[in-house]
Amino acid sequence: MSGDDHVRVTHRVPSHVRDAAQDRTEHGELSEEVRSLYQRIAFGEEAAEHDTVRRELERVRDEKDDTRRQIRELQAELEELERRETRLEEKLSKHTSRQDKYEGHLEALETQLRDGTHIWPDHPGVKRAANTAEMEPEEVIEELQERNPEVPDYAFQDAMHADRVWTGFGDGGGE
Numbered sequence: 001m002s003g004d005d006h007v008r009v010t011h012r013v014p015s016h017v018r019d020a021a022q023d024r025t026e027h028g029e030l031s032e033e034v035r036s037l038y039q040r041i042a043f044g045e046e047a048a049e050h051d052t053v054r055r056e057l058e059r060v061r062d063e064k065d066d067t068r069r070q071i072r073e074l075q076a077e078l079e080e081l082e083r084r085e086t087r088l089e090e091k092l093s094k095h096t097s098r099q100d101k102y103e104g105h106l107e108a109l110e111t112q113l114r115d116g117t118h119i120w121p122d123h124p125g126v127k128r129a130a131n132t133a134e135m136e137p138e139e140v141i142e143e144l145q146e147r148n149p150e151v152p153d154y155a156f157q158d159a160m161h162a163d164r165v166w167t168g169f170g171d172g173g174g175e
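So the sequence shown is residues 1 to 175, counted in this note's numbering.
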């Protein structure tokens, strides 16, 4: 036999001794202890210690490699989360910017309403607001009506087709 050949060795021990030994050791540790005992008996304490240290060093290196692999995987996951975060922040910024523009359009339309301008779905300002918010012009009109309940319905019609002329709030009346 060469030095690398391995043989299976069996021993008879009471089952409660075996069970207690297995309970007190990690998986594979009991087998390592038995191999170490054979090494000490066959070659002396120093050779057995050398083999034990070598096996422990291999175990530590394997654990270190596993830890590095986990770190790389976690780093890749972190980088993906950072990319997602950046995309979502950009999307939110665009949405906030769009919402701010829409709000600006609404405020301009409200000023025009108060000054006596008729505002209707085909009004250029309503169309701009609708395009900015990606909604229908009629929805913009509904929001303006909700925000300005004191403005009569005929102010939200084209002046050419309205029953009455809206003059706004600026000259003391509006009707």
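Backbone N, C-alpha and C define an ideal beta-carbon position, used for all residues, glycine too.
In this text the structure is predicted, and so the values were computed from the model without any measurement.
Under 7 angstroms between C-beta atoms of residue i and residue j
{"i": "Ala130", "j": "Pro137", "result": "yes"}
{"i": "Arg114", "j": "Phe169", "result": "yes"}
For residue j and residue i, the rounded distance between their alpha carbons
{"i": "Glu150", "j": "Glu79", "result": "53 angstroms"}
{"i": "Thr167", "j": "Gln112", "result": "10 angstroms"}
{"i": "Arg55", "j": "Glu82", "result": "40 angstroms"}
{"i": "Leu30", "j": "Arg59", "result": "15 angstroms"}
{"i": "Ser93", "j": "Gly116", "result": "35 angstroms"}
{"i": "Glu146", "j": "Gln70", "result": "56 angstroms"}
{"i": "Met160", "j": "Glu134", "result": "27 angstroms"}
{"i": "Gly172", "j": "Lys91", "result": "Caution applies to Gly172, whose pLDDT of 45 falls short of 50 and renders its modelled position unreliable; the value that the coordinates give is listed next. Straight-line Cα distance between these residues: approximately 45 angstroms."}
{"i": "Gln22", "j": "Glu89", "result": "54 angstroms"}
{"i": "Glu45", "j": "Tyr38", "result": "10 angstroms"}
{"i": "Arg40", "j": "Ala47", "result": "7 angstroms"}
{"i": "Leu108", "j": "Arg87", "result": "Note that residue 108 is Ala in the sequence shown, not Leu. Ala108 and Arg87: Cα-Cα distance of roughly 31 angstroms."}
Residues near residue i by beta carbon distance below 7 angstroms, same chain, minus five either side
{"i": "Tyr154", "result": "Ala162, Asp163, Arg164, Trp166"}
{"i": "Thr67", "result": "none"}
{"i": "Thr52", "result": "Ser36"}
{"i": "Glu26", "result": "none"}
{"i": "Glu32", "result": "Arg55"}
Assigned exposure category for residue i - 16 Cβ within 10 Å defines buried
{"i": "Val7", "result": "exposed"}
{"i": "His11", "result": "exposed"}
{"i": "His16", "result": "exposed"}
{"i": "Leu74", "result": "exposed"}
{"i": "His118", "result": "buried"}
Own chain, CB closer than 8 angstroms to residue i, minus 5 neighbours either side, in chain order
{"i": "Thr132", "result": "Arg98, Lys101, Tyr102, His105"}
{"i": "Trp120", "result": "Val126, Ile141, Phe156, Gln157, Asp158"}
{"i": "Arg128", "result": "His105"}
Which of helix, strand or coil DSSP assigns to residue i
{"i": "Asp158", "result": "coil"}
{"i": "Pro137", "result": "helix"}
{"i": "Phe43", "result": "helix"}
{"i": "His105", "result": "helix"}
{"i": "Val34", "result": "helix"}
{"i": "His118", "result": "coil"}
{"i": "Gly168", "result": "coil"}
{"i": "Asp153", "result": "helix"}
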